[in-house]
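Notes follow the structure.
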Ligand SMILES: [Zn+2]
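In our numbering, the protein residues as written are 27 to 228.
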């Protein structure tokens, strides 16, 4: 969606596992990743599923330097693309990664698990980008020209939903669904495109 003070693009809309192929050609086969870019240059990336890889290529072409990733939670379908996010390999990039706090491990410790053997050969701390991990605050906070809010939603493990407010719109990309009683792993953002809501202020 293209608007006066923001652009929303869905780079990944699938849950659980990437599923490329002719059956998913229309909306793409990548897992969760939504870009909200503001007119002032602020880039917000909601979730780091496999869709974030292609977004990283485009951000490089745009020359974006300050990025923010907002992680709803750390299930793999929302995180697995981060290891292939090109800006992490660029020393000119400053990246803030926001996510839900946990009483067990810090956000950095939880994310770094996927950057460790045997899952991945490169430690996150050895990548050149300047990365900061930030627990989402209880209160609203600002990033660039946006006001952000996060609140807990029902899902296994610490999980938040985000609200992005600009001068012209309130954007709530996706929301998590309650667990199914079947016990199967659930994909809260599998239908993120359908669930996304954008309310015009004017
Ligand atoms: Zn999940």
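A virtual CB, placed ideally from N, CA and C, is assigned to each residue, including glycine.
- 126 is the residue among 39, 169, 126 and 172 whose C-alpha sits nearest the C-alpha of residue 180.
- Look at residue 118 here: in three-state DSSP terms it is coil, with no helix or strand label.
- The C-alpha of residue 150 lies about 8 Å from the C-alpha of residue 142.
- Ranking 171, 153, 152 and 177 by CA distance to the CA of residue 164 puts 177 first.
- For residue 145, no pairing in a beta bridge is given by DSSP.
- In this structure, the beta-carbon distance from residue 86 to residue 192 does not fall below 8 Å.
- Restricting attention to 114, 183 and 41, the CA atom closest to the CA of residue 122 is found in 114.
- Nearest in C-alpha terms to residue 40, of all of 46, 47, 58 and 34, is 58.
- Across the structure, residue 49 and residue 167 are spaced so that their CA atoms are roughly 40 Å apart.
- Looking at the backbone, the Cα of residue 161 and that of residue 133 are separated by about 7 Å.
- By the Cβ neighbour-count rule, residue 67 is exposed, with fewer than 16 other Cβ atoms within 10 Å of its own.
- Bounds of any alpha helix (DSSP H) do not take in residue 109, whose DSSP letter is neither H nor E.
- Rounded to the nearest whole angstrom, the C-alpha separation of residue 137 and residue 196 is 28 Å.
- By the Cβ-count criterion, residue 158 is exposed, with fewer than 16 other Cβ atoms from all chains shown falling within 10 Å of its own Cβ.
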